[in-house]
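In the numbering used here, the protein residues as written are 1445 to 1667.
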């Protein structure tokens, strides 16, 4: 996939029951369930980076992603993203430290040579040596929802209801909705109003990656 700016609305819920109730109240059509293992990688030199590298195993597929730190305003998260599907052999090689995940991304997506990405990753494409920092699991239920906007545009949106298990068996329940930039203000207001109408106060949380690293550090310290 060509590098792009990802815009997502992210809402935190209190329980698995709330997650299921909101899905039924808000969605139009249930699509199915994805079972994910999300692996994260860090450069061995320990220097802080302004991006993350993730390898996701999802219902037998391997999806490699890099994301910039981006910005978060309320429930709306905005960041640069580059993502590509890779074969099982390459995924296994990355997990076992035989291939650099960032080098694989650069090979699969030539557009990562653009100035915007070069500013984020510097020379890490070729020189950084990565290690597997750990993983968390997620059960993702997919629903579809049709939204008619004030200008008359009709959008079919994918609503992702996540039941996440972080290191140390720390659980999180959340709704994620990727939205087009053209309608980000109207859709942000629409879903905030919908959640309030349905009795779910709007709650937000840091991205899953930052929470993973926090819980991974706490779990390592306590074990």
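Cβ atoms here follow ideal geometry from the backbone N, Cα and C, with glycine treated the same way.
Owing to the predicted nature of the structure, the values given are computational and were not obtained by experimental measurement.
| said: Taking its Cβ as the centre, do 16 or more other Cβ atoms sit within 10 Å of residue 1633, making it buried, or is it exposed? | reply: exposed
| The beta strand (DSSP E) spanning residue 1585 covers which residue range? | 1574–1592
| Is the segment 1601–1612 touching the segment 1464–1473, taking contact as three or more C-beta pairs under 8 Å? | yes
| Going by other Cβ atoms of all chains shown within 10 Å of its Cβ, with 16 needed for buried, is residue 1540 buried or exposed? | exposed
| Any idea if residue 1595 is buried or exposed, counting beta-carbon neighbours within 10 angstroms, 16 or more meaning buried? | exposed
| message | Pairs of beta-carbons, one from the segment 1477–1495 and one from the segment 1515–1522, closer than 8 Å: are there three or more? | response | no
| What is the DSSP secondary structure of residue 1600, reduced to helix, strand or coil? | strand
| said: Just to confirm my understanding: we take residue 1573, look at its own chain, exclude 5 residues before and 5 after, and list those with CB closer than 8 Å. What are they? | reply: 1487, 1488, 1489, 1544
| request: Could you check which residue in 1656, 1647, 1481 has the C-alpha nearest to that of residue 1459? | output: 1647
| field | Reduced DSSP secondary structure (H/G/I, E/B, other) of residue 1656 | value | helix
| request: Hey, could you find the ends of the alpha helix (DSSP H) residue 1639 is sitting in? | output: 1628–1641
| field | Classification of residue 1624 by the beta-carbon crowding that lies within 10 angstroms, buried from 16 upward | value | exposed
| task | For residue 1499, write down the residues that DSSP places opposite it in a beta bridge. | result | 1483, 1508
| request: Tell me, please, which residues DSSP counts as bridged to residue 1621. | output: 1453, 1603
| field | residue 1516: first and last residue of the uninterrupted beta strand (DSSP E) it sits in | value | 1515–1517
| task | Express the C-alpha separation of residue 1621 and residue 1502 in angstroms, rounding to a whole number. | result | 18 Å
| Under a three-way DSSP split, which group does residue 1444 fall into? | This structure leaves residue 1444 out entirely; the chain is present only between 1445 and 1667.
| task | Take residue 1474 as the anchor and find which of 1614, 1483, 1480, 1464 has the nearest alpha-carbon. | result | 1464
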